[in-house]
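Sequence order for the protein chains is A and B. Numbering of the first sequence is given in the working numbering, commencing with residue 122 and proceeding in unit increments. Numbering of the second sequence is given in the working numbering, commencing with residue -13 and proceeding in unit increments.
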Amino acid sequence: QSVLTQPPSVSGAPGQRVTISCTGGTSNIGAGYDVHWYQQVPGTAPKVLIYGNSNRPSGVPDRFSGSKSGTSASLAITGLQADDEGDYYCQSYDRSLSGSYVFGTGTKVTVL
Amino acid sequence: EVQVVQSGAEVTKPGESLKISCKGSGYRDSSYWVAWVRQMPGKGLEWMGVIYPGDSDTRYSPSFQGRVTISADKSSSKSLTTTYLQLSSLKASDTAMYYCATLLLYKYDTTGVPLYYFDYWGQGTLVTVSS
């Protein structure tokens, strides 16, 4: 049972902007721990999109952006493209239960 | 170039044990943590544990503590290391894809604690438990 909650699905037409929320609590995001985002295309391993709340690794398009506020974080995708379809996960650290890396529940992005 | 390669798919019976591997190469040195992540069919990602191959310091998720064992080979090469995930007393509910991933240190927080994210991922090892 994940401690980070995401919407099960979001969708948008090509070219549109979509956002995915990640809601945590006072022992993880609200405690100041950074949020990272991963994209998982069906049948492949996850790939990091955003680290440290808002930083993009080399090679990730600037259509992807991240932010964090309070106990929540968000991933925005602008100029939605067909190959953006897949599952997206947020991830942070939780200081309860002896400290653990935690993932969000995951959000399926569909391009209409 | 960094590469993370996992062992191949496995089919096993309930009650048996299994050890899968994750080989990383191309790193500048061996100063990195390796994590294991489970993904059950149609479900999300679950962190299982991490190991620092340099000294085999290991931490487990409370959800997996006592049920799995993570270990590592000490290689004479600083840029090559192999980590292992041992699954014991397997049940049908252990059927899943298991991923390994290296943790990249990207900064230190204000108290000097290192912060990481999951950087390079292996291709995954599908474990099927069926009688």
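Glycine residues also receive a C-beta, built at the ideal position from the N, C-alpha and C atoms. Please read these numbers as outputs of a predicted model, since none were measured by experiment.
Per-residue burial, residue i [other beta carbons within 10 Å of its own, 16 or more giving buried]
i, result
"B:V54", "buried"
"A:L125", "buried"
"B:L91", "exposed"
"A:L218", "exposed"
"A:S130", "exposed"
"B:S117", "exposed"
"A:S190", "exposed"
Candidates the options: closest to residue i by CA position
i, options, result
"A:Q212", "A:F224, A:S219 and A:A203", "A:F224"
"A:V232", "A:G164, A:Q137 and A:Y222", "A:Q137"
"A:S186", "A:Y172, A:S193 and A:T192", "A:Y172"
"A:T165", "A:Y214, A:D215, A:D208 and A:Y222", "A:D208"
"B:P27", "B:Y106, B:D80, B:L89 and B:G98", "B:D80"
"A:Y154", "A:A203, A:S193, A:V162 and A:D205", "A:S193"
"A:A197", "A:T144, A:K168, A:S175 and A:G220", "A:S175"
Unbroken beta strand (DSSP E) run spanning residue i, endpoints
i, result
"A:G185", "Checking the sequence, you will find Phe at residue 185 of chain A rather than Gly. First-last of the beta strand (DSSP E) with A:F185: F185 to S190."
"B:M34", "L31 to Y38"
"B:E(-4)", "E(-4) to T(-2)"
"A:V230", "T228 to V232"
"A:A194", "S193 to I198"
"B:A21", "W19 to Q25"
"B:I6", "L4 to S11"
"A:S132", "S130 to G133"
"A:T221", "It is worth fixing the name first, because residue 221 of chain A is Ser in this sequence and not Thr. Unbroken beta strand (DSSP E) run through A:S221: S221 to F224."
Beta-carbon proximity list for residue i, same chain, < 8 Å, skipping 5 on both sides
i, result
"B:L101", "L91, Y92, K93, Y94 and D95"
"B:G108", "V(-10), V(-9), Q(-8), C8, Y85, C86 and A87"
"B:K(-1)", "L76, V115, S116 and S117"
Residues near residue i in its chain [Cβ-Cβ closer than 6 Å; skip 5 each side]
i, result
"A:S132", "T231 and L233"
"A:S195", "T140, S142 and S188"
"B:Q72", "K5 and T55"
"B:Y38", "W19"
7 Å CB neighbourhood of residue i in its chain, flanking five on each side removed
i, result
"B:Y106", "V(-12), V(-10), A87 and T88"
In chain order, which beta strand (DSSP E) runs of at least 3 residues are fully inside the segment 39 to 99 of chain B?
-> Whole beta strand (DSSP E) segments, 3+ residues: 43 to 46, 54 to 59, 66 to 73 and 82 to 94.
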